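The listed protein sequences derive, respectively, from chains A and B. Under the UniProt record's numbering, the residues of the first sequence are numbered 1 to 515, in order. Under the UniProt record's numbering, the residues of the second sequence are numbered 1 to 515, in order. A short worksheet on the structure shown next.
Protein chains: 2
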Amino acid sequence: MTLPRHLLRFRSPFLKTRWSIASRSMRVAYQHTSATCVPATNNKHISTSTTTSSNPPMSFPCVDKLASRTVELDDNGPEPSYDRVVTGYETFKYPKPFLLDHGGILPKVDIAYETWGKLNAKRDNAILIHTGLSASSHAKSHAKNTKPGWWEEFIGPGRYLDTNKFFVICTNVIGGCYGSTGPSSIDPADGERYATRFPIITVFDMVRAQFLLLDNMGIEKLHASVGSSMGGMQSMAAASLFPDRVKRLISISACARSHPYSIALRHTQRQVLMADPNWNKGFYYDGVPPHVGMKLSREIATISYRSGPEWELRFGRKRAQENQTPALCPDFLIETYLDHQGERFCLQYDANSLLYISKAMDIFDMSKSATDILKEQRRRNLPKIENILNEKQTFAEVVGDQSALEMHATSAPTSGSHNNDKKRPTLTTLSETDPAVQDLIDGVKNIKMPTLILGAQSDILFPVWQQKEIAECLRVAGNKRVTYYELDGMFGHDTFLIDRVSVGGAIKGHLELLD
Amino acid sequence: MTLPRHLLRFRSPFLKTRWSIASRSMRVAYQHTSATCVPATNNKHISTSTTTSSNPPMSFPCVDKLASRTVELDDNGPEPSYDRVVTGYETFKYPKPFLLDHGGILPKVDIAYETWGKLNAKRDNAILIHTGLSASSHAKSHAKNTKPGWWEEFIGPGRYLDTNKFFVICTNVIGGCYGSTGPSSIDPADGERYATRFPIITVFDMVRAQFLLLDNMGIEKLHASVGSSMGGMQSMAAASLFPDRVKRLISISACARSHPYSIALRHTQRQVLMADPNWNKGFYYDGVPPHVGMKLSREIATISYRSGPEWELRFGRKRAQENQTPALCPDFLIETYLDHQGERFCLQYDANSLLYISKAMDIFDMSKSATDILKEQRRRNLPKIENILNEKQTFAEVVGDQSALEMHATSAPTSGSHNNDKKRPTLTTLSETDPAVQDLIDGVKNIKMPTLILGAQSDILFPVWQQKEIAECLRVAGNKRVTYYELDGMFGHDTFLIDRVSVGGAIKGHLELLD
Numbered sequence: 001m002t003l004p005r006h007l008l009r010f011r012s013p014f015l016k017t018r019w020s021i022a023s024r025s026m027r028v029a030y031q032h033t034s035a036t037c038v039p040a041t042n043n044k045h046i047s048t049s050t051t052t053s054s055n056p057p058m059s060f061p062c063v064d065k066l067a068s069r070t071v072e073l074d075d076n077g078p079e080p081s082y083d084r085v086v087t088g089y090e091t092f093k094y095p096k097p098f099l100l101d102h103g104g105i106l107p108k109v110d111i112a113y114e115t116w117g118k119l120n121a122k123r124d125n126a127i128l129i130h131t132g133l134s135a136s137s138h139a140k141s142h143a144k145n146t147k148p149g150w151w152e153e154f155i156g157p158g159r160y161l162d163t164n165k166f167f168v169i170c171t172n173v174i175g176g177c178y179g180s181t182g183p184s185s186i187d188p189a190d191g192e193r194y195a196t197r198f199p200i201i202t203v204f205d206m207v208r209a210q211f212l213l214l215d216n217m218g219i220e221k222l223h224a225s226v227g228s229s230m231g232g233m234q235s236m237a238a239a240s241l242f243p244d245r246v247k248r249l250i251s252i253s254a255c256a257r258s259h260p261y262s263i264a265l266r267h268t269q270r271q272v273l274m275a276d277p278n279w280n281k282g283f284y285y286d287g288v289p290p291h292v293g294m295k296l297s298r299e300i301a302t303i304s305y306r307s308g309p310e311w312e313l314r315f316g317r318k319r320a321q322e323n324q325t326p327a328l329c330p331d332f333l334i335e336t337y338l339d340h341q342g343e344r345f346c347l348q349y350d351a352n353s354l355l356y357i358s359k360a361m362d363i364f365d366m367s368k369s370a371t372d373i374l375k376e377q378r379r380r381n382l383p384k385i386e387n388i389l390n391e392k393q394t395f396a397e398v399v400g401d402q403s404a405l406e407m408h409a410t411s412a413p414t415s416g417s418h419n420n421d422k423k424r425p426t427l428t429t430l431s432e433t434d435p436a437v438q439d440l441i442d443g444v445k446n447i448k449m450p451t452l453i454l455g456a457q458s459d460i461l462f463p464v465w466q467q468k469e470i471a472e473c474l475r476v477a478g479n480k481r482v483t484y485y486e487l488d489g490m491f492g493h494d495t496f497l498i499d500r501v502s503v504g505g506a507i508k509g510h511l512e513l514l515d
Numbered sequence: 001m002t003l004p005r006h007l008l009r010f011r012s013p014f015l016k017t018r019w020s021i022a023s024r025s026m027r028v029a030y031q032h033t034s035a036t037c038v039p040a041t042n043n044k045h046i047s048t049s050t051t052t053s054s055n056p057p058m059s060f061p062c063v064d065k066l067a068s069r070t071v072e073l074d075d076n077g078p079e080p081s082y083d084r085v086v087t088g089y090e091t092f093k094y095p096k097p098f099l100l101d102h103g104g105i106l107p108k109v110d111i112a113y114e115t116w117g118k119l120n121a122k123r124d125n126a127i128l129i130h131t132g133l134s135a136s137s138h139a140k141s142h143a144k145n146t147k148p149g150w151w152e153e154f155i156g157p158g159r160y161l162d163t164n165k166f167f168v169i170c171t172n173v174i175g176g177c178y179g180s181t182g183p184s185s186i187d188p189a190d191g192e193r194y195a196t197r198f199p200i201i202t203v204f205d206m207v208r209a210q211f212l213l214l215d216n217m218g219i220e221k222l223h224a225s226v227g228s229s230m231g232g233m234q235s236m237a238a239a240s241l242f243p244d245r246v247k248r249l250i251s252i253s254a255c256a257r258s259h260p261y262s263i264a265l266r267h268t269q270r271q272v273l274m275a276d277p278n279w280n281k282g283f284y285y286d287g288v289p290p291h292v293g294m295k296l297s298r299e300i301a302t303i304s305y306r307s308g309p310e311w312e313l314r315f316g317r318k319r320a321q322e323n324q325t326p327a328l329c330p331d332f333l334i335e336t337y338l339d340h341q342g343e344r345f346c347l348q349y350d351a352n353s354l355l356y357i358s359k360a361m362d363i364f365d366m367s368k369s370a371t372d373i374l375k376e377q378r379r380r381n382l383p384k385i386e387n388i389l390n391e392k393q394t395f396a397e398v399v400g401d402q403s404a405l406e407m408h409a410t411s412a413p414t415s416g417s418h419n420n421d422k423k424r425p426t427l428t429t430l431s432e433t434d435p436a437v438q439d440l441i442d443g444v445k446n447i448k449m450p451t452l453i454l455g456a457q458s459d460i461l462f463p464v465w466q467q468k469e470i471a472e473c474l475r476v477a478g479n480k481r482v483t484y485y486e487l488d489g490m491f492g493h494d495t496f497l498i499d500r501v502s503v504g505g506a507i508k509g510h511l512e513l514l515d
């Protein structure tokens, strides 16, 4: 008997196994060495043996590739490349201890930022852009960094965020790894990197840090706070923490409280990352970074960033090599695409930053009961930094929230307080009797500025019903200038990065609203 | 200064790190030992050092738990427990070589199966139930295995699949690990487990194996072929391979060709599993099984099995321990739920079975061009087993497809052949000009029996548009008895396991249709 040519060619350069074809009366047998070159295994029971089998062994180029990258990173020493990914930003160094919502303290805080356009004489034309999870302050190219930014086409003279009119600021969030203080920063306490000795941060903490920068720039009031995804959360948090310092609010593809499906998606990303032995409970800075966990985590994230219809059109059932026998490693084009996305990201971003910021998104909740707890925690933790602050600060300054005291003094009962208000708009899609909805309405009461809420119908990470929830709660809470747009299209959560015309147009319209 | 009580209590029994609180003028510092008890790391650069930090280190009970299970499994030796998960099934032993679609050969095949009800004298009351990815033949309890089956309430006297009327059969698919031949089976060629020397299988291969069992039982014609998820794929494959042997077809929450979003979801599950060092390219049977990869993989899968609205109602933003500081390990109830799902599954199913069957789902495609390729491969590979078969078999027998020869002889051009057929139904939601749609229509031409297609609107893994695609293509291809139902509700892909009344009712109605 003869074997078909495609089987005779089945010889993997990666596995380095040797197998030859032996014809027997009742079987087709292949001689090969199994599991010879698998790099890292804890399986002490497994031995290498040369044997024969009914079919050729599969090859696993995708596994071999990960293993060789580990070896390469180990050989070349540590120094993950994300330190060098973003350059050309400015750094504001806040020299005093910074109290966090959950009781942690940063002895000092660096905030990396970039700006475009000019601050006018009245200092009232600043727009603060908030980033999503993994973005840097580099929203747009400029002389110090000519690489295109993540909102390159949105910002510029005459563009949607018009730098002829506005002074646009973007920061790297605290917890990040692109210049702002985060887990990869040095803890002044001992000169070592924080790693997972970094404290839990919240979206509100990120915003408070940004406002320290605004204070330093002498910007009392923002023309607008603008953000997408986690940036939309920050944008709302800014409007809520500093209602008198934000003139206009834009929140795109975000939510006012994280919902379990989104938490689940982020949970798996964190779990996959933390399962990488090289993550080493966060202490990997002197060794091989958890590039495998990061890659896998990014692949899962990518699924939540795009949509089925887009991939249907873009990849369909196309395979990387149409005539090859199916493989367990990436095979369909959609797989090689995901693989590539993971690949590109795995050394570009700090694993610990991903964990902390992803968690900050999970715990984001603007409901009154939730923000009350945070305020109470801050009040309780205040003594921790009180006597180490150089200058006397008011409680509100430390709490970083204009309305903190006032809200505590006048806080309304969580529910039932609106029953006599006949004129307020009613909920159209949310349940009037759901205490969680009422809690959220109470939580966003002080957001009264003109607000634009934008969502994409194909977004599964922050579905449009969550955008609708924000808009309705704001309206019922008394905001009379809420604009709500739903975008069609197929770009899922990433619509805010891709759909320039629809997203950009809505932003421009809102930024340049006549008062 | 004093620290709040909740910080003083921050002492992890898992990390076994020691840290004490030292107050300094400018910082709150914690003395601790970092990275002391992390079990497996390849990071040669990392040293253990006692140091102080501004904040206490985080604890990672979820990581410690995985590490201690690895140690436990290593101590107790191999023998993964899925071998004992399912008992009480019958085994049909097919003693001859079995040719697979992609050229692999199984020298002999075991098929585990269970039955309920009685085969009547005419042998025409049999219903074949096809399973989803990880299910066993145990669809319903019986004397030999009294544990509830996965469709326990659907099957039984007077139930939706009425065992007073029907003889219900369920098999474990080939590639599985619950009694049928799969990667964990012994390769007769050398007496070792196949592992990843197991050949690529297709959904069509699974069905061919099931029909060997039917042949053995003397069942010429099924009353119905019924399946959900991958079982729905098998059900359609059965109707297509053996159109004269299937009287009624039911396909629930499946698709006629896998789409990229579903492939992406399965891809991440496979990648996560294969990244577990204990997976060891599939050769783990004598060592520690890749329980971490399996757990993570199941957590990702679980997200695709359920829906946001269900979790919103069930978990909302509830946390496992409401008053605890947020943690990077599971914290919200939705996280502990996912963790538990992964936990429960990780040793119950064979990792290699998951890889092979998940891939079989990806490559499932009933389009004419795709099935033509498979048929051509089978024809080409036939000589491989021709001279080792004990008895002479016809080509069609080996190909396992009644219509194989006929279809080759009469195959219509891929497109354009219907232009003169004025009376055929037209597509309502699909594009008439999409060649992929036309290809699928051509591929399902021989499915003419009464067909029920059922989908759940909350399913993201097999969205309803894919159910609609099946129904429309069947109708346009000439099937005049296609029933299409969309179910509401919030149980996502798992609707077929949970929504007894809606799913069961539709099944019963179709099974007991008057001819």
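Each residue gets a CB set at the ideal place from its N, CA and C atoms; glycine is no exception. The model shown is predicted, which means the values in this text are computed figures rather than measured ones.
**OP:** Note down, in chain order, every chain A residue with its Cβ under 7 Å from the Cβ of B:Asn-76.
**Re:** By one-based count along the second sequence, residue 76 of chain B stands at place 76. Those within 7 Å of B:Asn-76 in chain A number zero; the least Cβ separation is about 11 Å.
Original post:
Cα-Cα, which of B:Thr-70, B:Ile-200, B:Asp-442, B:Gln-348 is closest to B:Arg-84?
Top reply: The residue you call residue 84 of chain B lines up with position 84 of the second sequence. Selected option, being the one with the closest Cα: B:Gln-348.
**OP:** Could you name the residues of the same chain whose beta carbon sits closer than 8 Å to that of B:Ile-105, not counting the 5 residues immediately before and after it, in chain order?
**Re:** Position 105 of the second sequence, counting from 1, holds the residue named residue 105 of chain B. Within the same chain, B:Ile-105 has close Cβ partners Pro-97, Phe-98, Leu-99, Pro-199, Lys-384, Ile-385.
Original post:
Any idea if A:Ala-351 is buried or exposed, counting beta-carbon neighbours within 10 angstroms, 16 or more meaning buried?
Top reply: To locate residue 351 of chain A, count along the first sequence from 1; it is residue 351. Burial of A:Ala-351 is indicated by the presence of at least 16 other C-beta atoms within 10 angstroms of its C-beta.
**OP:** Consult DSSP for A:Arg-193 and reduce its assignment to one of helix, strand or coil.
**Re:** Start at 1 with the first residue of the first sequence, and residue 193 of chain A comes out as number 193. Collapsing the DSSP output to three states places A:Arg-193 in a strand.
Subject >> Own chain partners of B:Val-503 with C-beta closer than 6 Å, once the 5 adjacent residues on each side are dropped >> reply: Taking the first residue of the second sequence as 1, we reach residue 503 of chain B at position 503. Excluding the 5 residues flanking it on each side, B:Val-503 has same chain C-beta neighbours closer than 6 Å at Phe-496, in chain order.
**OP:** Identify which residue in B:Glu-472, B:Ile-470, B:Ser-458, B:Leu-513 has its Cα closest to the Cα of B:Leu-487.
**Re:** If you number the second sequence from 1, residue 487 of chain B lands on position 487. Ranking B:Glu-472, B:Ile-470, B:Ser-458, B:Leu-513 by Cα distance to B:Leu-487 puts B:Ser-458 first.
Original post:
Within this structure, are the beta carbons of B:Gly-227 and B:His-130 separated by less than 7 Å?
Top reply: Mapped onto the second sequence, residue 227 of chain B falls at position 227. Mapped onto the second sequence, residue 130 of chain B falls at position 130. Yes; because the gap between Cβ atoms is below 7 Å, this pair is in contact.
**OP:** State the CB to CB distance for the pair B:Tyr-94 and B:Leu-212, rounded to an integer number of angstroms; the pair is presumed to be in contact (CB under 8 Å).
**Re:** Locating residue 94 of chain B in the second sequence gives position 94, where the first residue counts as 1. Locating residue 212 of chain B in the second sequence gives position 212, where the first residue counts as 1. With a beta-carbon spacing of about 5 Å, B:Tyr-94 and B:Leu-212 fall inside the 8 Å limit used to define contacts.
Original post:
At what residue ranges does the region 161-205 of chain B contain a whole run of the beta strand (DSSP E), taking only runs of 3 or more?
Top reply: Restricted to the region 161-205 of chain B, the beta strand (DSSP E) segments that are unbroken, complete and at least 3 residues in length are 167-171, listed in chain order.
Subject >> Beta-bridge partners of A:Ala-456, as assigned by DSSP >> reply: Against the first sequence, residue 456 of chain A aligns to sequence position 456. A:Ala-456 pairs with A:Leu-487.
**OP:** Scan the region 211-269 of chain B and note each continuous alpha helix (DSSP H) run of 4 residues or more that stays entirely inside, going in chain order.
**Re:** Segments of the alpha helix (DSSP H) lying fully in the region 211-269 of chain B: 230-241.
Subject >> Chain-ordered chain B contacts of A:Pro-463 [CB-CB under 9 Å] >> reply: Position 463 of the first sequence, counted from the first residue, corresponds to residue 463 of chain A. The contacting residues are Gly-308.
**OP:** Please go through the region 275-309 of chain A and give each complete beta strand (DSSP E) segment of 3 or more residues, from N-terminal end onward.
**Re:** As far as the region 275-309 of chain A is concerned, it has no whole beta strand (DSSP E) run of at least 3 residues.
**OP:** Using a Cβ-Cβ cut-off of 7 Å, state whether B:Ile-155 counts as contacting chain A.
**Re:** Taking the second sequence and counting its residues from 1, the one referred to as residue 155 of chain B is at position 155. It does not: the Cβ of B:Ile-155 has no partner Cβ on chain A nearer than 7 Å.
Original post:
With distances taken from CA atoms, which of B:Ile-460, B:Lys-295, B:Thr-87 is nearest A:His-267?
Top reply: Within the first sequence, residue 267 of chain A is the residue found at index 267, counting from 1. Residue B:Lys-295 is the option with its Cα nearest to A:His-267.
**OP:** Specify the secondary structure class of B:Lys-318 as computed by DSSP and reduced to three states.
**Re:** Position 318 of the second sequence, counting from 1, holds the residue named residue 318 of chain B. For B:Lys-318, the secondary structure class from DSSP, reduced to helix, strand or coil, is coil.
**OP:** Tell me whether the beta-carbon of B:Ala-238 lies closer than 7 Å to the beta-carbon of B:Val-207.
**Re:** Against the second sequence, residue 238 of chain B aligns to sequence position 238. Against the second sequence, residue 207 of chain B aligns to sequence position 207. A distance below 7 Å separates the beta carbons of B:Ala-238 and B:Val-207.
**OP:** Below 7 Å CB to CB, which residues in the same chain sit around B:Val-272 once its five sequence neighbours on both sides are set aside?
**Re:** Mapped onto the second sequence, residue 272 of chain B falls at position 272. In chain order, Gly-293, Leu-296, Ser-297, Ile-300 place their CB closer than 7 Å to the CB of B:Val-272, counting only its own chain and leaving out the 5 sequence neighbours on each side.
Original post:
Would A:Thr-36 count as contacting chain B if we go by Cβ distances under 7 Å?
Top reply: Along the first sequence, one-based indexing puts residue 36 of chain A at 36. Note that A:Thr-36 scores a pLDDT of 33, beneath 50, so its modelled location is shaky; the value from the coordinates is reported in the next line. Chain B, which has no Cβ nearer than 7 Å to the Cβ of A:Thr-36, makes this no.
Original post:
What residues in its chain sit with their C-beta under 6 Å from that of A:Lys-392, if we drop five residues either side in the sequence?
Top reply: Residue numbering aside, residue 392 of chain A sits at position 392 when the first sequence is read from its first letter. Because the pLDDT at A:Lys-392 is just 48, under 50, the model does not fix this residue reliably, and the value given afterwards should be weighed accordingly. Cβ neighbours of A:Lys-392 within its own chain (closer than 6 Å, five residues either side excluded): none.
Original post:
Per DSSP, which one or two residues make a beta bridge with A:Asn-145?
Top reply: Counted from its first residue, the first sequence places residue 145 of chain A at position 145. Paired residues: A:His-142.
Original post:
What residue from A:Ala-506, A:Leu-161, A:His-493 has the CA that sits closest to A:Ala-254's CA?
Top reply: Numbered from 1 along the first sequence, position 254 holds the residue referred to as residue 254 of chain A. Out of A:Ala-506, A:Leu-161, A:His-493, the CA that lies nearest to the CA of A:Ala-254 is found in A:His-493.
Subject >> Bridge partners - B:Leu-156, DSSP secondary structure assignment >> reply: As a first step, residue 156 of chain B is located in the second sequence; it is residue number 156 there, counting from the start. Note that residue 156 of chain B is Gly in the sequence shown, not Leu. When beta bridges are read from the DSSP output, B:Gly-156 appears opposite B:Asp-162.
Original post:
Can a CB atom of chain B be found closer than 7 Å to the CB of A:His-138?
Top reply: For this step, residue 138 of chain A is matched to residue 138 along the first sequence. At a cut-off of 7 Å between beta carbons, A:His-138 makes no contact with chain B.
Subject >> Where the beta strand (DSSP E) containing B:Leu-128 begins and where it ends >> reply: One-based indexing of the second sequence puts residue 128 of chain B at position 128. For B:Leu-128, the uninterrupted beta strand (DSSP E) segment begins and ends at 126-130.
**OP:** Step through the CB atoms of chain A and report whether any lies within less than 7 Å of the CB of B:Met-58.
**Re:** Start at 1 with the first residue of the second sequence, and residue 58 of chain B comes out as number 58. The beta-carbon of B:Met-58 is placed less than 7 Å from the nearest beta-carbon of chain A.
Original post:
If you measure beta-carbon to beta-carbon, which residues of the region 330-341 of chain B are closer than 9 Å to chain A?
Top reply: Cβ contacts with chain A come from Pro-330, Asp-331, Phe-332, Leu-333, Ile-334, Glu-335, Tyr-337, Leu-338, Asp-339.
**OP:** Could you tell me how far apart the beta carbons of A:Met-449 and A:Arg-248 are, in whole angstroms, since I believe they sit closer than 8 Å?
**Re:** In the first sequence, counting from the first residue as 1, residue 449 of chain A sits at position 449. In the first sequence, counting from the first residue as 1, residue 248 of chain A sits at position 248. The Cβ separation is near 6 Å, so the contact holds.
Subject >> Min CB distance A:Thr-131 to chain B below 7 Å >> reply: Residue mapping note: residue 131 of chain A aligns to position 131 of the first sequence, counting from 1. So, not an interface residue.
**OP:** Let me know if B:Gly-342 comes out buried or exposed under the rule of 16 or more other beta-carbons within 10 Å of its beta-carbon.
**Re:** Position 342 of the second sequence, counted from the first residue, corresponds to residue 342 of chain B. Buried, since its Cβ has 16 or more Cβ neighbours within 10 Å.
Original post:
Are the C-beta atoms of B:Phe-315 and some chain A residue less than 7 Å apart?
Top reply: In the second sequence, counting from the first residue as 1, residue 315 of chain B sits at position 315. Judged by the 7 Å Cβ criterion, B:Phe-315 is in contact with chain A.
Original post:
Looking at the C-beta of B:Met-274, does it have a partner C-beta in chain A at a distance below 7 Å?
Top reply: As a working note, residue 274 of chain B is residue 274 in the second sequence. By the rule that beta-carbons nearer than 7 Å mark a contact, B:Met-274 touches chain A.
Subject >> Cβ neighbours of A:Trp-311 in the same chain (closer than 6 Å, five flanking residues each side left out) >> reply: The residue you call residue 311 of chain A lines up with position 311 of the first sequence. Answer for A:Trp-311: Ile-334, listed in chain order.
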